[in-house]
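Heads up: the first sequence runs through residues 10 to 298, numbered per our numbering.
Cβ coordinates follow ideal geometry from the N, Cα and C atoms, glycine included.
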Amino acid sequence: MPELPEVETVRLGLNRLLPGRTIAAITHDWPKGFPNDEADVRTHALGAKVSSVRRRAKVLMIELDSAYSFVIHLKMTGQLVFRDGTTRFGAGHPNDSLVGELPDKSTRVIFTFTDGSRLFFNDQRKFGWVRLLPTHDVPNSSFLQKVGPEPLEETFSAQDFIARIRRRPKSAIKAVLLDQTIIAGVGNIYADESLFAAKIHPAKPVSEISDNQLTQLYTDLRAILRLSIEKGGSTDRNYVNAEGKRGSYLTFARAFRREGQACDRCGTIIVKTRVAGRGTHYCPVCQVR
DNA sequence: CACTTGACCTGTCCGC
DNA sequence: TGCGGACAGGTCAAGT
10 MPELPEVETV
20 RLGLNRLLPG
30 RTIAAITHDW
40 PKGFPNDEAD
50 VRTHALGAKV
60 SSVRRRAKVL
70 MIELDSAYSF
80 VIHLKMTGQL
90 VFRDGTTRFG
100 AGHPNDSLVG
110 ELPDKSTRVI
120 FTFTDGSRLF
130 FNDQRKFGWV
140 RLLPTHDVPN
150 SSFLQKVGPE
160 PLEETFSAQD
170 FIARIRRRPK
180 SAIKAVLLDQ
190 TIIAGVGNIY
200 ADESLFAAKI
210 HPAKPVSEIS
220 DNQLTQLYTD
230 LRAILRLSIE
240 KGGSTDRNYV
250 NAEGKRGSYL
260 TFARAFRREG
270 QACDRCGTII
280 VKTRVAGRGT
290 HYCPVCQVR
């Protein structure tokens with residue numbers, strides 16, 4: 010799924026497109042992913058205007074002027090695509106758009122605004138969800154209260170990073186990067202990419218990694234997350250932004266999905282294994298265990 | 001308690 | 001072309 014750069018790209022798009030629009034109707038065929046009381050939806054969402062779109066970790070929040078928010082997790086295959094009726098398919102760069110006419114077979118929720126524009130929540134694998142909560146309760150909700158700091162916050166220092174990573178001394182470094190209670194927003198792509206950049210083996214236990222190496226990892230992780238946001242995130246298979254278009258970070262990827270290709274530092278073939286239960290790409294020479 | 005594994009779903013790709 | 005199995009960007013609950 011969508012990791013921090015992808016969710017942030019969606020947020021940037023939606024925050025440009027949604028504020029000021031008023032919700033006229035919401036339809037869904039999916040109680041499990043839209044576990045909201047219909048009366049609450051009628052009272053707190055219909056007729057409410059979007060004030061802003063925010064992000065915390067990999068969670069999006071569409072804030073309404075009713076003091077309620079739609080809180081959304083895209084998980085592995087979720088998409089939030091906005092359409093105002095002016096989209097012309099096939100114009101411009103056809104390969105940019107992964108999404109055609111909507112709704113399609115993976116559309117789970119449709120928000121219709123009073124001006125006729127619509128926001129589609131698509132999710133092939135149905136792991137994602139859309140909840141309506143009082144805005145005040147969102148930070149303390151079960152899925153956000155234990156989440157760690159945002160790695161791109163200016164106040165988040167290398168010392169903070171190292172101290173939090175060292176809370177899991179025996180775990181493989183990759184497992185720790187993926188743990189959202191340690192650091193927010195890192196997933197499989199950026200774990201592999203940052204460990205490659207910092208020349209750390211993904212299965213290396215934290216206790217065996219020096220402070221200098223962790224400082225390098227901190228610097229590389231932040232640079233990679235920033236670069237990916239600039240490139241609109243990574244599209245491996247499903248991911249698209251708020252306009253249905255793909256991201257281009259993977260053309261810059263040095264390890265992720267590059268198994269069988271040469272390492273750009275030493276020429277060794279990048280391998281793919283399994284670490285922390287996830288497909289893991291690394292250079293067996295540069296990233297010494 | 002710390003840490004790892006399976007389950008949640010649907011679709012796609014790969015080998016036989 | 002068909003079929004079974006492995007796998008896919010995330011996160012929990014349940015297991016060791």
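- Taking 9 Å as the cut-off, the beta carbon of ILE119 is found closer than this to the beta carbon of LEU128.
- With respect to the 9 Å criterion, ALA54 and ILE32 are classified as neighbours on the basis of their beta carbons.
- Residue pairing by DSSP places GLU72 opposite SER61 and SER78 in a beta bridge.
- Of the residues assessed, HIS145 falls on the exposed side of the cut-off, its CB having fewer than 16 other CB atoms within 10 angstroms.
- Ranked by Cα distance from ASP93, the options ARG117, ILE233, TYR77 and THR121 are led by THR121.
- Restricting attention to ARG65, GLU72 and ARG263, the CA atom closest to the CA of LEU83 is found in ARG65.
- Ranked by Cα distance from THR123, the options ARG235, ILE238, GLY56 and PHE136 are led by GLY56.
- For CYS292, the closest C-alpha among the options ASP220, LEU204, LEU223 and ASN247 is that of LEU204.
- Annotated three-state conformation of ALA181 is strand, per DSSP.
- Counting only unbroken stretches of 4 or more residues, the alpha helix (DSSP H) elements lying wholly within the stretch 214-274 are 220-239, in sequence order.
- With the rule of 3 Cβ pairs closer than 8 Å, the stretch 209-220 counts as touching the stretch 170-185.
- Inter-residue distance for VAL59 and SER216 is about 47 Å (C-alpha atoms, whole angstroms).
- Distance from the CA atom of THR260 to the CA atom of GLY194, rounded to whole angstroms, is 21 Å.
- Straight through space, the alpha carbons of ALA206 and LEU226 are spaced by roughly 8 Å.
- Between THR95 and ILE171, the C-beta spacing is not below 9 Å.
- CA-CA distance, PHE165 to ASP38, rounds to 41 Å.
- Counting the other Cβ atoms within 10 Å of the Cβ of ARG298 gives fewer than 16, which makes it exposed.
- An exposed status is given to ASN221, since fewer than 16 other beta-carbon atoms sit within 10 Å of its beta-carbon.
- Counting of Cβ neighbours within 10 angstroms places ASP46 among the exposed residues, the total staying below 16.
- In the three-state reduction of the DSSP assignment, ASN45 falls in the coil class.
- Taking the Cα positions, LEU187 is about 17 Å away from ASP169.
- In this structure, VAL68 is the residue among ARG287, VAL68, LYS114 and ARG51 with its C-alpha nearest to the C-alpha of GLU17.
- Per DSSP, LEU13 is one residue of the alpha helix (DSSP H) stretching across 13-26.
- Under the three-state reduction of DSSP, PHE205 is assigned to helix.
- In this structure, GLY196 and PHE130 do not form a Cβ contact; the two beta carbons are roughly 20 Å apart against a cut-off of 8 Å.
- Beta-bridge partners assigned by DSSP to LYS281: HIS290.
- Pairing ILE35 with VAL139, the inter-Cα distance amounts to about 12 Å.
- For ASP169, the enclosing alpha helix (DSSP H) stretches over residues 167-174.
- Between VAL156 and SER78, the CB-CB gap reaches or exceeds 9 Å.
- Between the C-alpha atoms of VAL284 and GLY22 there is a straight-line separation of about 34 Å.
- Per DSSP, the continuous beta strand (DSSP E) segment holding VAL90 begins and ends at 87-92.
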